[in-house]
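Protein sequence lines correspond, in order, to chains A and B. Position 239 of the first sequence, counted from 1, bears residue number 434 in our numbering, the numbering being contiguous throughout. Position 253 of the second sequence, counted from 1, bears residue number 448 in our numbering, the numbering being contiguous throughout. Glycine included, C-beta positions come from ideal geometry on N, C-alpha and C. Being a predicted model, the structure only gives us computed values, none of them experimental. Working notes for the structure below.
2 protein chains.
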Amino acid sequence: MGRKRTKSGKIRLAEVAELAGVSPITASRFFRNPEALSVAKRTRVDSAAKELGYVPNLAARALASQRTEVIGVLIPSLTNNVFSDVLRGIYDASENSRYSIQLSNTRYSILQEEKLLRLFLAQKPAGLIVTGIDQTTESRAMLDAADCPIVQIMEIGPNPVDMMIGFSHYDAARAAIAHLFAQGHRKIGFVGARMDPRVQRRLDGYVSAMKDAGLFEQRLVVTTATPTSVTLGGALFTDLLAREPGMDAVFCANDDLALGVLFECRRREIAIPEQIAIVGFNDLEFMASAVPTLTSVRTNRYEMGNTAATMLIDAIDGRRPEHPVLDLGFKVIERQSSSARRSDNRPAVSGAGAANKMVALPSGHD
Amino acid sequence: MGRKRTKSGKIRLAEVAELAGVSPITASRFFRNPEALSVAKRTRVDSAAKELGYVPNLAARALASQRTEVIGVLIPSLTNNVFSDVLRGIYDASENSRYSIQLSNTRYSILQEEKLLRLFLAQKPAGLIVTGIDQTTESRAMLDAADCPIVQIMEIGPNPVDMMIGFSHYDAARAAIAHLFAQGHRKIGFVGARMDPRVQRRLDGYVSAMKDAGLFEQRLVVTTATPTSVTLGGALFTDLLAREPGMDAVFCANDDLALGVLFECRRREIAIPEQIAIVGFNDLEFMASAVPTLTSVRTNRYEMGNTAATMLIDAIDGRRPEHPVLDLGFKVIERQSSSARRSDNRPAVSGAGAANKMVALPSGHD
DNA sequence: GTCTGTGCTGGTAGCGCTGTCAACGTTCCT
DNA sequence: AGGAACGTTGACAGCGCTACCAGCACAGAC
């Protein structure tokens, strides 16, 4: 005999089945596919389970069925506000499903991502959510070979592994620059940190828009691999000013940098938007509250996470979406920091969030 | 016969054992307790596993050993910056262990927490990290009965379930008020949002400090159950000003609110700190970068998460900490927003983060 | 009346791993 | 020399659940 058996009050499926007067396998089916049972047995098993307080043993289920009910999520950062919104969307969507989330942090390293992917795949996840479209060749091969649904989030691009949900960072950046052009700005600087693939594509969008207008100059671009922060925004802006004092606008690759630029302008007594306009990216909550209020490109982060998880769960359950690639678009939220240069046009300083105009643009139509 | 067997190239422990020329159980031990093997077999199993690319099946392990290698984490919010720092600490600490993190969001509801706790406990987690000390009676009973190590994080208090790591929000708030008193402020307002237990204790600390000085007035306190935001900071401050125009300082229960107050002051052309001083809570990164730089109470969020997970893993592995209750303390970081009222004393406006003075205080000694 | 199809149910045989215990070889005592 | 003590190894028997297949009852088709 192995070990001590029938340990204290442990409720197994067999106990439930016995109380309900059915075979264990029938009870098992009740939990996975109740419709397959006759109504009579269904209610019997149901009440037996409730009476005994039965909780299925997930490990045994996973072992026997050769698959888990785990959704693996690979994101590059836990600090970034952007990802916390996405994550919240994912967790919310998974909450009332039978799937649980297994989260891992790649720290913006595609090698780390590859390692984690190998780990995840070995446990046969029910589905996978991965960030972005820039995997290593090896990772890509693993994803292609994986026998579970996969959603790539944060951006859209060619050759999806499976499903994809995001927006075009390139188009979003172009829209931001187009907005600045429309307000009469010409010498527009770019400030970027971390320079992960998505920030790089925002830079690409900026460069192409500036080139299209014949206004591109390399010295208008200041970037760093350092992780983003408000303080860094001020520092990068300082560099930019030193290179090009005549600049009349700055496009910041994210809102933290934009806030840093705002504070730096305040320190230097540079008037916004009269002397320099500011546009950020993501439209975090504080942008509408700053003084002056800060223009930004709104992205649908919560919705992205939520929809990704919902699509994934649907796909796992056999309901594949009609369109595997979903463009969530973006909106340029025009605020005081980028009003037209003529100061008489500047909205009166008033309550936070006042005077927001919105320009909605699905990606791909800038 | 059951189902199709020996599915394509699936590497099991048995295969590794066979290649290494040992029994499966010996190979099993290699992965759990390598020191128990002779050096010769250890290297044989090691190279066999590497050669075959063996990855253990966690479900089988969990089923056979009757325990999982999952650490359950219950936090009240995924949005809050505070928790993303804590989480990062937890994930970092778990990364090189064999434990994986199972995260759930209680959304600041102790009923939801109870429900999730029941769910977690049913899966026999290796350990548990829970937020705060305000559980339902039922939750508390489950925690007391749980046969795994438990760490309560974010604050310290009497009657720990098991281990506890945090600091005294009460003392931290008192220290912030003491700092404002020292700068000559007397009519100090309190602005708080969400009013979860920890914010409530900060309020309690504020009230006690004010009462000790004979300065407490109910109308100096403005709170709301609404989740915190920068915009809300401005709105609450507006309320406060309407009630008590003569106020000379505001203690904000968190930094988002403080930033909102800063912007609102800017909108109203109230000079900081000459007319009103501001002190925030948590010392998020932007506080050092704002104009003026904002005083805050620094809390060790990353360290808290990291230490909690480390302690928990050590305890799971049988190395219980000497002191089960760890006070991580706090520091009042004095910046421009709360400099002494005489304006000649005000630090020159200079680079971000300049002129930080620090006052370190372990909780319990204010 | 026989045959086929459909819906529901149950028996059998594992999924891949580890707890337990026994057994072995070696060293160190007395 | 005998035996205890230790370190190392292996055989066995499951952990709790589900895949697979078979069987049964009943309905409809021929």
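For the region 284-313 of chain A, which residues have a CB atom closer than 9 angstroms to at least one CB atom of chain B, in sequence order?
Y286, D287, E290, S295, I296, Q297, L298, S299, N300, R313
For E480 (chain A), go through chain B and note every residue whose CB falls closer than 7 angstroms to its CB, in chain order.
S424, V425, T426
With 8 angstroms as the limit, tell me which residues of the region 439-471 of chain B have their beta carbon closer than that to any beta carbon of chain A; keep them in chain order.
D451, L454, G455, F458, E459, R461, R462
Range covered by the alpha helix (DSSP H) that runs through G400 (chain B)
392-407
Touch check for the region 210-224 of chain B and the region 246-263 of chain B: three-plus C-beta pairs under 8 angstroms?
By the Cβ test, the region 210-224 of chain B is in contact with the region 246-263 of chain B, since at least three Cβ pairs between them sit closer than 8 angstroms.
Rank A:L479, A:C460, A:D478, A:N477 by C-alpha distance to the C-alpha of Q470 (chain A) and give the top, closest one.
A:C460
Under three-state DSSP, which class holds K202 (chain A)?
Unreliable positioning characterises K202 (chain A) in this predicted model, as indicated by a pLDDT of 40, which lies under 50. A coordinate reading is not provided.
Is there at least one Cβ from chain A nearer than 9 angstroms to A254 (chain B)'s Cβ?
yes
Pick helix, strand or coil for N252 (chain A), following the three-state DSSP scheme.
Of the three classes helix, strand and coil, the one that applies to N252 (chain A) here is coil, per DSSP.
Using the Cβ count rule (16 or more neighbours within 10 Å means buried), how would you classify T421 (chain A)?
exposed
I328 (chain B) (DSSP reduced to helix, strand or coil)
DSSP places I328 (chain B) in coil when its eight states are reduced to three.
Tell me, please, whether the CB atom of Q330 (chain A) is closer than 9 angstroms to any CB atom in chain B?
Judged by the 9 angstroms Cβ criterion, Q330 (chain A) is not in contact with chain B.
Consult DSSP for G284 (chain A) and reduce its assignment to one of helix, strand or coil.
helix
Can you tell me where the beta strand (DSSP E) holding Q318 (chain B) begins and where it ends?
Run containing Q318 (chain B): none; DSSP gives neither H nor E here.
What residues in its chain sit with their C-beta under 6 angstroms from that of A367 (chain B), if we drop five residues either side in the sequence?
V492, F525
Take A408 (chain A) and list the residues in its own chain whose beta-carbon comes closer than 7 angstroms to its own, dropping the five residues that flank it on each side.
F376
Please identify the residue among B:I473, B:S279, B:G384, B:T490 whose C-alpha is closest to the C-alpha of D438 (chain B).
Going by the sequence as given, residue 438 (chain B) is Arg instead of Asp. Nearest option by C-alpha distance: B:G384.
Who are the neighbours of L318 (chain B) on chain A, taking C-beta pairs under 9 angstroms?
The amino acid occupying residue 318 (chain B) in the given sequence is Gln; Leu does not appear at that position. Under the 9 angstroms cutoff, chain A gives V250, N252, L253, A254.
Helix, strand or coil for Q531 (chain B)? Go by DSSP, reduced to three states.
helix
According to DSSP, what are the bridge partners of L521 (chain A)?
BP columns for L521 (chain A) point to A:I360.
Beta-carbon within less than 7 angstroms of D509 (chain B)'s beta-carbon, same chain only, minus the 5 sequence neighbours each way: which residues are those?
P516
Closest Cβ-Cβ distance between A257 (chain A) and chain B: below 9 angstroms?
yes
For the candidate residues A:R237, A:E480, A:F458, A:E210, whose alpha-carbon lies nearest to that of L431 (chain A)?
A:F458
T505 (chain A) to M349 (chain A) span [Cα, whole Å]:
15 angstroms
Tell me whether L298 (chain B) sits in a helix, a strand or coil according to DSSP, three-state version.
strand
One question on the structure: do V277 (chain A) and R496 (chain A) come within less than 9 angstroms of each other, judged by their Cβ atoms?
yes
List, in order along the chain, the chain B residues whose C-beta lies closer than 7 angstroms to that of L273 (chain A)?
S279, L282, R283, Y286
Please tell me whether I354 (chain B) has its Cβ less than 9 angstroms away from any Cβ of chain A.
It should be noted that the sequence gives Asn, not Ile, for residue 354 (chain B). Cβ-Cβ to chain A under 9 angstroms: no for N354 (chain B).
Is DSSP giving N540 (chain B) helix, strand or coil here?
Because the pLDDT of N540 (chain B) is 41, which lies under 50, any placement of that residue in the model is unreliable, and the number read from its coordinates should be weighed accordingly. Residue state, collapsed to three classes: helix.
Using a Cβ cut-off of 9 angstroms (strictly closer), state whether S534 (chain A) contacts chain B.
Chain B contact via Cβ: absent.
Tell me the rounded alpha-carbon separation between F446 (chain A) and P271 (chain B).
Between F446 (chain A) and P271 (chain B), the C-alpha separation is close to 35 angstroms.
Apart from the five residues just before and just after P251 (chain B), which ones in its own chain have a Cβ nearer than 8 angstroms to its Cβ?
L208, F226
Using only CA atoms, which one of A:Y401, A:G500, A:G379 lies nearest to V386 (chain A)?
Nearest option by C-alpha distance: A:Y401.
CB contact flag (G284 (chain B), M499 (chain B), <9 angstroms):
yes
Mind pulling the alpha helix (DSSP H) runs of 4 or more residues that sit fully within the region 410-454 of chain B?
Within the region 410-454 of chain B, the complete alpha helix (DSSP H) runs of at least 4 residues fall at 425-438.
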